[in-house]
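As numbered in my numbering, residues 506 to 798 make up the sequence shown, in order. For each residue, glycine too, the CB sits at the ideal point set by N, CA and C. Treat the numbers as computed from the prediction; the structure is a model and nothing was measured. Take a look at the structure below.
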Amino acid sequence: MSKHAILLLGYKNIEQICDYINLLDEDFDFYIHLDKKSKISQERILKIRSFKNVKFIGQVYKVNWGGKKFLEAFLYLAKEALKEKSTKYIHTTSEADLPIKSPAYIKEFFIKNDGKQYVEFFSIPTDRWVDGGLDRFNKYNFYDKFNFKTKIGFKIIIYLLKIQKLIGVNRNISKNFPPLYGGSTWCSLSRSCIEYSLEYTEKNPNFLKSLTNTFAPEEIFFQTILMDSPFKNDIVNDNLVYIDWVFRNGNSPAPLDMSDLEKLKKSDKLFARKIQPPISEDLKIELLKYLKT
Numbered sequence: 506m507s508k509h510a511i512l513l514l515g516y517k518n519i520e521q522i523c524d525y526i527n528l529l530d531e532d533f534d535f536y537i538h539l540d541k542k543s544k545i546s547q548e549r550i551l552k553i554r555s556f557k558n559v560k561f562i563g564q565v566y567k568v569n570w571g572g573k574k575f576l577e578a579f580l581y582l583a584k585e586a587l588k589e590k591s592t593k594y595i596h597t598t599s600e601a602d603l604p605i606k607s608p609a610y611i612k613e614f615f616i617k618n619d620g621k622q623y624v625e626f627f628s629i630p631t632d633r634w635v636d637g638g639l640d641r642f643n644k645y646n647f648y649d650k651f652n653f654k655t656k657i658g659f660k661i662i663i664y665l666l667k668i669q670k671l672i673g674v675n676r677n678i679s680k681n682f683p684p685l686y687g688g689s690t691w692c693s694l695s696r697s698c699i700e701y702s703l704e705y706t707e708k709n710p711n712f713l714k715s716l717t718n719t720f721a722p723e724e725i726f727f728q729t730i731l732m733d734s735p736f737k738n739d740i741v742n743d744n745l746v747y748i749d750w751v752f753r754n755g756n757s758p759a760p761l762d763m764s765d766l767e768k769l770k771k772s773d774k775l776f777a778r779k780i781q782p783p784i785s786e787d788l789k790i791e792l793l794k795y796l797k798t
């Protein structure tokens, strides 16, 4: 029986991770990485382990927003998922995501679209990103060393970037890259596609090494590798995730709320984010009811 592997990055919301697991059936295996910075009790970790379809839980990396450890955590989980011979498709997700279709619908979707790779992509430079996205590569971005989500970390990272621009720092790393592509972190890729990507990094170690001190490298990793690969013609420019990119509820992308319920029900996407308490709590309750009927 073919299986789906859910690679899930978790931080602290154990209850929502459990809700996610409960919404899918035995054909979906979970591979979970919990942020090493998070102080999560063994009791709560054991709660996740109690689910039969949780195949692996690791707490190896301190995952800072924008840092390379984010990507490394996903690659770590992907290697674990590939140990399961029945794994057919692999999905990158986080604790802020939930499926918005039934397990049967999701499985049937990938049977009908077998061999397709679902990942958002666009060429770099792009007007979607500040400075065309090039500052991600030609400046040293210290998101792994400092936590951008803290006041002091934010100030240090921004200050160091300003200094580099002032003195004209320009990292020349393009020689280690094929043509650059970017896009969303979240994707649904076939086993063979993930295997190819991991083999690429083994054969081209300078590619992964050059992503050190690159901002949000998980947003260029698969796109850049796959758009220069035999899988190029199988890629569908869609990550299958419902995301509202407007600034709402204090953030962008917006934490979803009850005003999004009907849009989620009518959406052709398979997953949604951000489902973030307490803003999304009522929405999550209604989604759970809807998907269980």
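For F727, the enclosing alpha helix (DSSP H) starts and ends at 726-731.
Per DSSP, reduced to three states, the secondary structure at F642 is helical. Residue environment analysis places P760 among the buried positions, since at least 16 neighbouring C-beta atoms fall within 10 angstroms of its C-beta. Between A578 and F561, the C-beta spacing is not below 9 Å. Note: F627 is bridge-paired with G687 in the DSSP secondary-structure output. Beta-carbon to beta-carbon, F776 and V741 are separated by about 15 Å, too far to satisfy the 8 Å threshold. Between G673 and K612, the alpha-carbon positions lie close to 51 Å from each other. Taking one beta carbon from each stretch, the region 640-648 and the region 719-728 have 3 or more pairs nearer than 8 Å; the two touch. Residue environment: V568 is assigned as buried (16 or more neighbouring CB atoms within 10 Å of its CB, all protein chains considered). No Cβ-Cβ contact shorter than 9 Å links L529 with D602. A721: not part of any alpha helix (DSSP H); DSSP gives it neither H nor E.
In the three-state DSSP reduction, L529 falls in the coil class, being neither helix nor strand. Apart from sequence neighbours up to five positions away, the residues of its chain that approach S693 with a beta-carbon distance below 7 Å are Y594, H596, Y623, L745, ordered along the chain.
Per the C-alpha coordinates, the member of K797, I522, I699 positioned closest to Q728 is I699. DSSP places K517 in the coil class of the three-state scheme, outside both helix and strand. Beyond the five residues adjoining it in sequence on each side, I605 comes within less than 6 Å, by CB distance, of L769, A777 in the same chain, given in chain order.
With at least 16 other beta carbons inside 10 angstroms of its own, I784 counts as buried. Measuring C-alpha to C-alpha distances from K574 to each of S702, K541, H509, N677 identifies K541 as the nearest. Partner residues in the beta bridge of T597, as assigned by DSSP, are L512. Per DSSP, reduced to three states, the secondary structure at D524 is helical. In this model, D787 and N518 are separated by some 16 Å (Cα to Cα). In this chain, the alpha helix (DSSP H) harbouring L671 covers 656-672. Only buried fits A510, as 16 or more other CB atoms lie within 10 angstroms of its CB. As computed with DSSP, A777 is found in a beta bridge with L603, Y747.
Out of I526, F535, K789, S695, the CA that lies nearest to the CA of G620 is found in S695.
Each residue's CA atom was taken as its position, placing T598 and N646 some 24 Å apart. Here L731 is not near L766, since their CB atoms are 9 Å or more apart. Short of 7 Å from the beta carbon of Y516, and not among the five residues preceding or following it, lie these beta carbons of its own chain, in chain order: D540, S543, E600.
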